[in-house]
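There are 2 protein chains.
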Amino acid sequence: MIIKEILNRRSVREYQEKDVSKEDIDEIIKAGQFAPTASNNRAIEFIVIRDQQTKDKIFEIVSQEFVKEAPVLIISVSDTTQTNCPVQDLSVASENMFLQATALGLGTVWKNFEAEHTEEEKIKKLLGIPEQYKAINIIPVGYPKEKLIPHTDEDFNAQKIHQEKW
Amino acid sequence: MIIKEILNRRSVREYQEKDVSKEDIDEIIKAGQFAPTASNNRAIEFIVIRDQQTKDKIFEIVSQEFVKEAPVLIISVSDTTQTNCPVQDLSVASENMFLQATALGLGTVWKNFEAEHTEEEKIKKLLGIPEQYKAINIIPVGYPKEKLIPHTDEDFNAQKIHQEKW
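In order, the protein sequence lines correspond to chains Z and U.
Per my numbering, residue 48 is the first one in the first sequence, and the count goes up by one each step.
Per my numbering, residue 48 is the first one in the second sequence, and the count goes up by one each step.
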């Protein structure tokens, strides 16, 4: 039986105005901290943004309505002086956070930083994140506006499984 | 409450000789397929290896005993003609697979491909994986030899959470 949060996790881009508690955000970040990191470097830190002015400035950089509308944004950063695998570590932690948010009835989505628009650099500057930290995405968190449809076997393709070799 | 598989997932490098069923491996891969991918590219394919000769050859490349000893190895690959985010997508799918394996009482670990030893290239050649596919890790799957200790709040560091800015 597939873990129910894996079935229920969907990308959510429209959020209710309802606020998200500090306890829920802490729990989501805790799940992120329990993710594996390369050689157990544990070099990820988390920035939690609720201030509307900051969210508006982030919107100016990434041009996605949901970063203005979500009650909370989480940006995770990995210290590249501690690991050679910041992208992998941040991705894995992101998935744990997505799943934990799902467990709490919350919605999230991966807003990727677009390299061609130097979004990572602009966000780091805005938030005062030191140069050595890598960031790859923004995770907005909020209560989904619409009911989500869980994954089913229709999303499973057994033909993508190769036995023993390609 | 943190999702129990997130609490219980630990890196496992020693496996019982007991085999792992095809049903369990399919379920783990299904969880991997239910992971989000950039722009929903769904360009990940999975290679399942049980043949001892192949595992021995993989050991010659990556020099980790557990790739010989685990009953099953899963190698996921992402089609770089379909996505600019193969590392992120493979990482996120890996975490879903780790968690689903945990739900099934199985152990896993992320064996990273070391760039300086061109491990990715050698594995792709061994398995006949086309050039355009990116691989980042091997996921061995087996029943853990030792009892695992779940994460606790000792693994949580609230000081890594920054409010509003760095």
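Glycine residues also receive a C-beta, built at the ideal position from the N, C-alpha and C atoms.
Since this is a predicted model, take the numbers as computed values, not measurements.
field: Alpha carbon of ILE196/Z to alpha carbon of ILE75/Z, nearest angstrom
entry: 21 Å
query: VAL95/U versus chain Z: which residues are under 9 Å apart at the beta carbon?
result: ILE208, HIS209, GLN210, GLU211
query: Is DSSP giving LEU114/U helix, strand or coil here?
result: Before going on, a small fix: residue 114/U reads as Val here, not Leu. If DSSP states are grouped into helix, strand and coil, VAL114/U belongs with the helices.
CB contact below 8 Å: GLN179/U versus chain Z: no
task: Mind checking the segment 121-136 of chain U against chain Z and listing, in chain order, the residues whose C-beta falls within less than 7 Å of any C-beta there?
output: CYS132, VAL134, GLN135
message: What does the Cβ neighbour count give for ASN143/Z, buried or exposed, with the cut at 16 atoms within 10 Å?
response: buried
message: By the three-class DSSP mapping on this structure, what secondary structure does GLU163/Z have?
response: helix
message: For chain Z, check one thing: does any of its Cβ atoms lie closer than 8 Å to the Cβ of PRO83/U?
response: yes
query: Would ASN87/Z be called buried (16 or more neighbouring beta carbons within 10 Å of its own) or exposed?
result: exposed
Run of the alpha helix (DSSP H) containing GLN135/Z, from where it starts to where it stops: 133-150
message: Can you tell me whether LYS65/Z is buried or exposed? The criterion is at least 16 other CB atoms within 10 Å of its CB, across all chains shown.
response: exposed
field: Inter-residue CB distance, ALA85/Z and CYS132/Z (contact presumed, cutoff 8 Å)
entry: 4 Å
- request: Would you identify the three-state DSSP class for THR199/U, choosing helix, strand or coil?
  value: coil
task: Determine the DSSP secondary structure at GLU92/U, reduced to helix, strand or coil.
output: strand
- prompt: By a C-beta neighbour count over all protein chains shown, 10 Å radius and 16 as the cutoff for buried, is HIS164/U buried or exposed?
  reply: exposed
query: Out of PRO118/Z, PHE145/Z, ILE186/Z, which has the shortest C-alpha to C-alpha gap to GLN63/Z?
result: PRO118/Z
field: Residue from GLU166/U, ILE208/U, LYS51/U, GLU211/U whose Cα sits closest to the Cα of ILE108/U
entry: GLU166/U
- prompt: Leaving out the 5 sequence neighbours to the left and right, which residues in its chain are closer than 8 Å to GLU178/U when beta-carbon positions are compared?
  reply: LYS171
- prompt: Counting along the chain, where does the alpha helix (DSSP H) carrying GLY79/U start and finish?
  reply: 69-80
- prompt: Where LYS115/Z and LYS102/Z are concerned, what is the direct C-alpha to C-alpha distance, given to the nearest angstrom?
  reply: 5 Å
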